[in-house]
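*Asks:* Residue numbers (UniProt numbering): 1 to 290.
All C-beta atoms in this analysis are idealised placements derived from N, C-alpha and C, irrespective of residue type, glycine included.
Being a predicted model, the structure only gives us computed values, none of them experimental.
1) Relative to the C-alpha of residue 24, which candidate in 219, 226, 210, 217 has its C-alpha closest?
2) On the criterion of 16 or more Cβ atoms from any shown chain inside 10 Å, does residue 60 qualify as buried, or is it exposed?
3) Cα separation between residue 56 and residue 233?
4) Among 203, 156, 219, which one has its Cα closest to the Cα of residue 32?
5) Are three or more beta carbon pairs between the region 110 to 118 and the region 249 to 257 nearer than 8 Å?
6) By Cβ distance below 8 Å, which residues in the same chain neighbour residue 143 in space, the five residues on each side in sequence not counted?
7) Excluding the 5 residues preceding and the 5 following residue 281 in the sequence, name in chain order all residues of the same chain whose CB lies nearer than 6 Å to its CB.
8) Terminal residues of the continuous alpha helix (DSSP H) containing residue 150?
9) Once the 5 residues before and after residue 263 are set aside, which same chain residues still bring their CB inside 8 Å of it?
10) Taking Cβ positions, are residue 188 and residue 68 nearer each other than 9 Å?
11) Which one of 195, 212, 160, 97 has the shortest CA to CA distance from residue 229?
12) To the nearest angstrom, how far is it from the Cα of residue 132 to the Cα of residue 275?
13) Report the rounded CA-to-CA distance for residue 6 versus residue 198, giving the unit in angstroms.
14) Quick one, which of 65, 11, 49, 4 has its alpha-carbon nearest residue 181's?
15) Classify residue 309 as helix, strand or coil using the three-state DSSP reduction.
16) What does the alpha-carbon distance come out to for the pair residue 146 and residue 101?
17) Any idea what DSSP makes of residue 110, helix, strand or coil?
Rendered as structure tokens:
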């Protein structure tokens, strides 16, 4: 349980940092790329005694972390495109509703429990995420030609969570959790550097040291968000469908409350309804795990 709580806390801190990026006009793409190398360094320094990165290509999960590293950058860029074309609420809904993918994965592939209380709680959680993410009284406005981008964000985000669960369950040994987490960030960073290189050759790269500082600040909680999530998934008392639901809804709820407390965000009526549904869903899903 403690690992789940720490994962929720780490992910919520990331939300606060992203809000501060906007305030200090930090280039989010550059900061995210630098953050991946910082997150990798955190794992290699704090969690792995005498790390030997030469063994990584020999690991059964090696190909998996390469794919995950690429997906991290790809989904971020797709989210940016979605925000530009359809708005922030659309990308928030697409990324957060993606929790349905690892939940279904756990139920059907691992034959996890499907009690009435749990199923109802998961359905409520999806409604809660949707209602909490909409920041306007108007309905989501997505032009047909732009529909592909939020769909790719939805599936990409869901595939990332599902892949982490699959690799953790089948290929990652207990002593490799730190190295596994670090390797994901390393390959994400390497992929990101290729993007910056292309920008540099096309004269579109505007480097500023504050973006590096932003990456350092972001990298520490980002590493822990993945590390603690993997550790929580290893808890035999929690099914992955339960854990992903609790993790996602709790992050949305805590992030929304911090938005009110720290940034004076104003919620509209369906945001409050979403928060209420989130609390109910957490209680229902948590009770099903007891």
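*Replies:* Reading from the atomic positions:
1) As a first step, residue 24 must be located in the chain shown, where it is residue number 24. The residue with the shortest Cα to Cα distance from residue 24 is 210.
2) Along the chain shown, one-based indexing puts residue 60 at 60. Residue 60 should be labelled exposed.
3) Along the chain shown, read from residue 1 onward, the residue named residue 56 stands at position 56. Along the chain shown, read from residue 1 onward, the residue named residue 233 stands at position 233. In a straight line, the C-alpha of residue 56 is about 22 Å away from that of residue 233.
4) Sequence index remark: in the chain shown, residue 32 carries index 32 (1-based). Per the Cα distances, 219.
5) The answer is no - the region 249 to 257 does not touch the region 110 to 118, with fewer than three Cβ pairs under 8 Å.
6) Locating residue 143 in the chain shown gives position 143, counting from the first residue. For residue 143, where only same-chain residues beyond five positions count, the Cβ hits under 8 Å are 85, 86.
7) Start at 1 with the first residue of the chain shown, and residue 281 comes out as number 281. Counting only Cβ-Cβ distances below 6 Å, and skipping sequence neighbours, we find 121, 124, 125, 128, 249.
8) Walking along the chain shown from the start, residue 150 turns up at place 150. Its alpha helix (DSSP H) spans residues 148 to 170.
9) Along the chain shown, read from residue 1 onward, the residue named residue 263 stands at position 263. These residues qualify, in order along the chain: 19.
10) Translated into positions along the chain shown, residue 188 becomes position 188. Translated into positions along the chain shown, residue 68 becomes position 68. Yes, the Cβ-Cβ distance between residue 188 and residue 68 is below 9 Å.
11) For the purposes of this step, residue 229 is taken as the residue at position 229 of the chain shown. Out of 195, 212, 160, 97, 160 has the C-alpha closest to the C-alpha of residue 229.
12) Translated into positions along the chain shown, residue 132 becomes position 132. Translated into positions along the chain shown, residue 275 becomes position 275. Near 6 Å, if we compare the C-alpha coordinates of residue 275 and residue 132.
13) The residue labelled residue 6 in the question sits at position 6 within the chain shown. The residue labelled residue 198 in the question sits at position 198 within the chain shown. Approximately 37 Å, taken between the alpha carbons.
14) Reading the chain shown from its first residue, position 181 is the one you call residue 181. Ranking 65, 11, 49, 4 by Cα distance to residue 181 puts 65 first.
15) Outside the displayed span of the chain (1 to 290) sits residue 309, for which this structure offers no information.
16) Numbered from its first residue, the chain shown carries residue 146 at position 146. Numbered from its first residue, the chain shown carries residue 101 at position 101. Straight-line Cα distance between these residues: approximately 22 Å.
17) In the chain shown, the residue the question calls residue 110 occupies position 110. DSSP places residue 110 in coil when its eight states are reduced to three.
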